Amino acid sequence: MDGGKERDSTQSKSKSRIFSAVLSLVVPGLGQVVRGRIFAGLMFLLNVILYVVPLFMPQTMEYDVKTPALLIAVGVWVFSALDAFLQKSSFLILALLVSLFCFGLGFFGSFFLLPHLDI
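Quick note: the sequence shown uses UniProt numbering, first residue 1, plus one each step.
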C-alpha cells in the first residue's frame with residue numbers, strides 16, 4: 001500500500017513540475033513563483049522584460065542591438081521553463097540572472113541615454 005502512495009506522490013510532483021514549466025513558457029518566472037521561489041521568478045520576468053523592450057524601440061545607433069536582445073530574451077525565457085521543471089535551482093543560476101540583469105541595465109541604459117547626450 002505504501003508503494004501506491006509513493007507512486008501517486010511521485011506522479012503529482014511530476015505533474016506539478018510539468019505544470020510549472022508550462023506556466024514559465026506562458027509567462028517567464030511564473031512557474032518559479034508557483035513553486036515558491038519568488039525571487040527567482042521575478043528575476044526571470046525582469047530579465048525578459050529588460051531584453052524585450054528594446055525590440056519595440058526605434059533603432060538610433062549604428063550597431064544592431066535588437067538581435068542580441070532577442071537572443072538573450074528567448075534564451076532566458078526557455079531557461080525559465082527548464083528551471084521551473086527542475087527539482088532544485090542552484091545559487092549559480094540566481095547569480096547568473098542577477099549579473100545578466102545588471103548587464104542589461106547598463107547596456108540598455110546606455111542605449112536609451114547616449115543618443116540624447118550632447119558629447
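Ideal Cβ positions, reconstructed from N, Cα and C, are used throughout, including at glycine.
As the structure is a prediction and not an experimental result, all values here were calculated from the model.
Asked: DSSP state of residue 64 mapped onto helix, strand, coil; Found: coil
Asked: Proximity below 8 Å, CB of residue 21 to CB of residue 103; Found: no
Asked: Nearest-angstrom Cβ-Cβ length linking residue 66 and residue 54, presumed shorter than 8 Å; Found: 6 Å
Asked: Reduced DSSP category for residue 37 - H, G, I as helix; E, B as strand; rest coil; Found: coil
Asked: Closest residue to residue 80 among 68, 97, 70, 52 (Cα-Cα distance); Found: 97
Asked: With 16 other Cβ atoms within 10 Å as the buried cut-off, status of residue 38; Found: exposed
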